[in-house]
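J.:
Residue numbers (this note's numbering): 318 to 471.
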(Lines of atoms letter the chains of each structure in order from A and count residues from 1; the text may use other names and numbers.)
(Lines give C-alpha, C1' and ligand atoms only; values in the text may rest on other atoms or scores of the structure.)
Protein backbone atom coordinates (compact mmCIF):
# COMPACT_ATOMS: atom_id res chain seq x y z
CA UNK A 1 0.00 0.00 0.00
CA UNK A 2 1.06 3.55 -0.53
CA UNK A 3 2.64 5.46 2.33
CA UNK A 4 -0.15 8.03 2.28
CA UNK A 5 -2.70 5.34 3.18
CA UNK A 6 -0.70 4.24 6.24
CA UNK A 7 0.38 7.75 7.23
CA UNK A 8 -2.86 9.69 6.73
CA UNK A 9 -5.96 7.72 5.79
CA UNK A 10 -5.77 4.84 8.26
CA UNK A 11 -4.88 7.04 11.27
CA UNK A 12 -7.43 9.66 10.19
CA UNK A 13 -10.28 7.20 9.78
CA UNK A 14 -9.26 5.45 13.00
CA UNK A 15 -9.59 8.78 14.82
CA UNK A 16 -12.91 9.48 13.09
CA UNK A 17 -14.40 6.06 13.81
CA UNK A 18 -13.28 5.88 17.44
CA UNK A 19 -14.46 9.40 18.28
CA UNK A 20 -17.81 8.84 16.56
CA UNK A 21 -18.42 5.49 18.23
CA UNK A 22 -17.50 6.95 21.60
CA UNK A 23 -20.03 9.77 21.10
CA UNK A 24 -22.69 7.24 20.07
CA UNK A 25 -21.93 5.12 23.13
CA UNK A 26 -22.21 8.12 25.43
CA UNK A 27 -25.55 9.05 23.84
CA UNK A 28 -26.85 5.50 24.27
CA UNK A 29 -26.05 5.71 27.97
CA UNK A 30 -28.09 8.89 28.24
CA UNK A 31 -25.50 11.64 27.93
CA UNK A 32 -27.24 14.98 27.54
CA UNK A 33 -25.45 17.92 25.93
CA UNK A 34 -24.61 20.97 27.97
CA UNK A 35 -26.28 24.14 26.73
CA UNK A 36 -23.73 26.95 26.65
CA UNK A 37 -25.99 29.77 25.47
CA UNK A 38 -29.72 30.02 25.41
CA UNK A 39 -32.03 31.78 23.05
CA UNK A 40 -31.66 31.66 19.30
CA UNK A 41 -27.89 30.98 19.50
CA UNK A 42 -27.90 27.79 21.55
CA UNK A 43 -24.67 25.81 21.42
CA UNK A 44 -24.76 22.20 22.58
CA UNK A 45 -21.57 20.67 23.94
CA UNK A 46 -21.00 17.05 24.92
CA UNK A 47 -18.36 17.66 27.60
CA UNK A 48 -17.24 14.03 28.27
CA UNK A 49 -16.87 13.52 24.52
CA UNK A 50 -14.97 16.79 24.12
CA UNK A 51 -12.64 15.81 26.94
CA UNK A 52 -11.90 12.50 25.18
CA UNK A 53 -11.06 14.11 21.83
CA UNK A 54 -7.46 15.09 22.71
CA UNK A 55 -6.77 11.41 23.42
CA UNK A 56 -8.26 10.36 20.08
CA UNK A 57 -6.29 13.10 18.32
CA UNK A 58 -3.11 11.94 20.06
CA UNK A 59 -3.85 8.34 19.03
CA UNK A 60 -4.23 9.37 15.38
CA UNK A 61 -1.02 11.37 15.59
CA UNK A 62 0.79 8.43 17.19
CA UNK A 63 -0.32 5.95 14.53
CA UNK A 64 0.60 8.38 11.76
CA UNK A 65 3.97 9.11 13.37
CA UNK A 66 4.73 5.40 13.72
CA UNK A 67 3.99 4.98 10.01
CA UNK A 68 6.61 7.63 9.24
CA UNK A 69 4.29 10.57 8.59
CA UNK A 70 5.72 14.06 8.35
CA UNK A 71 4.77 16.67 10.94
CA UNK A 72 2.01 18.07 8.72
CA UNK A 73 0.56 14.66 7.93
CA UNK A 74 0.60 13.70 11.62
CA UNK A 75 -1.31 16.86 12.55
CA UNK A 76 -3.73 16.35 9.65
CA UNK A 77 -4.41 12.77 10.77
CA UNK A 78 -5.16 13.94 14.30
CA UNK A 79 -7.68 16.58 13.19
CA UNK A 80 -9.19 14.39 10.44
CA UNK A 81 -12.70 13.97 11.95
CA UNK A 82 -13.27 17.70 12.15
CA UNK A 83 -11.92 18.23 8.63
CA UNK A 84 -14.11 15.44 7.23
CA UNK A 85 -17.21 16.94 8.85
CA UNK A 86 -16.27 20.37 7.52
CA UNK A 87 -16.09 18.90 4.03
CA UNK A 88 -19.49 17.30 4.49
CA UNK A 89 -21.00 20.59 5.69
CA UNK A 90 -19.49 22.49 2.76
CA UNK A 91 -20.87 19.93 0.31
CA UNK A 92 -24.38 20.80 1.48
CA UNK A 93 -24.33 23.99 -0.60
CA UNK A 94 -23.70 22.45 -4.04
CA UNK A 95 -25.95 19.50 -3.22
CA UNK A 96 -28.69 21.93 -2.17
CA UNK A 97 -28.28 23.86 -5.41
CA UNK A 98 -28.51 20.64 -7.42
CA UNK A 99 -31.66 19.60 -5.56
CA UNK A 100 -33.09 23.06 -6.11
CA UNK A 101 -32.44 22.71 -9.85
CA UNK A 102 -34.00 19.25 -10.01
CA UNK A 103 -37.08 19.88 -7.86
CA UNK A 104 -37.58 23.49 -9.03
CA UNK A 105 -38.15 24.55 -5.41
CA UNK A 106 -36.45 27.49 -3.78
CA UNK A 107 -34.01 26.62 -0.97
CA UNK A 108 -33.31 29.36 1.53
CA UNK A 109 -29.51 29.31 1.71
CA UNK A 110 -29.37 32.11 4.26
CA UNK A 111 -31.09 29.78 6.73
CA UNK A 112 -28.71 26.95 5.83
CA UNK A 113 -25.67 29.24 6.20
CA UNK A 114 -26.91 30.46 9.58
CA UNK A 115 -27.36 26.91 10.86
CA UNK A 116 -23.96 25.83 9.52
CA UNK A 117 -22.20 28.76 11.16
CA UNK A 118 -24.00 28.20 14.45
CA UNK A 119 -23.47 24.44 14.46
CA UNK A 120 -19.97 24.87 13.10
CA UNK A 121 -18.84 26.19 16.45
CA UNK A 122 -20.08 23.21 18.46
CA UNK A 123 -19.52 20.49 15.83
CA UNK A 124 -16.41 21.70 13.98
CA UNK A 125 -14.43 24.38 15.77
CA UNK A 126 -14.45 23.14 19.38
CA UNK A 127 -13.93 19.43 18.54
CA UNK A 128 -11.32 20.35 15.95
CA UNK A 129 -9.40 22.37 18.53
CA UNK A 130 -9.56 19.47 21.00
CA UNK A 131 -8.35 16.96 18.39
CA UNK A 132 -5.62 19.31 17.22
CA UNK A 133 -4.50 19.93 20.81
CA UNK A 134 -4.06 16.21 21.37
CA UNK A 135 -2.28 15.81 18.05
CA UNK A 136 0.10 18.70 18.76
CA UNK A 137 0.89 17.34 22.21
CA UNK A 138 1.55 13.88 20.80
CA UNK A 139 3.69 15.36 18.01
CA UNK A 140 5.70 17.32 20.58
CA UNK A 141 6.23 14.21 22.72
CA UNK A 142 7.16 12.00 19.75
CA UNK A 143 9.55 14.52 18.23
CA UNK A 144 11.30 15.00 21.59
CA UNK A 145 11.50 11.25 22.15
CA UNK A 146 12.77 10.50 18.64
CA UNK A 147 15.40 13.27 18.77
CA UNK A 148 16.70 11.99 22.13
CA UNK A 149 16.75 8.45 20.73
CA UNK A 150 18.66 9.60 17.64
CA UNK A 151 21.34 11.31 19.76
CA UNK A 152 21.66 8.22 21.96
CA UNK A 153 22.19 6.01 18.90
CA UNK A 154 24.64 8.41 17.21
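Glycine included, C-beta positions come from ideal geometry on N, C-alpha and C. Remember, it's a predicted structure, so these values are computed and weren't measured experimentally.
May I ask which residues mark the beginning and end of the alpha helix (DSSP H) holding residue 395?
T.: Here the alpha helix (DSSP H) through residue 395 covers 388-395.
J.: Is the number of C-beta pairs between the segment 331-343 and the segment 393-404 that are closer than 8 Å three or more?
T.: Of all C-beta pairs linking the segment 331-343 to the segment 393-404, three or more are shorter than 8 Å, placing the two stretches in contact.
J.: With DSSP collapsed to three states, give me the class of residue 422.
T.: Residue 422 falls in the coil class under three-state DSSP.
J.: Using C-beta distances below 6 Å, list every residue in its chain close to residue 453, excluding the 5 sequence neighbours before and after it, in chain order.
T.: none
J.: Could you say which of 443, 346, 420 and 430 lies nearest to residue 353 if we only look at CA atoms?
T.: Checked all of 443, 346, 420 and 430; the closest Cα to residue 353 is 443.
J.: Counting only the same chain and skipping the five closest in sequence on each side, list residues whose C-beta sits under 8 Å from that of residue 375.
T.: For residue 375, where only same-chain residues beyond five positions count, the Cβ hits under 8 Å are 395, 451, 452, 454 and 455.
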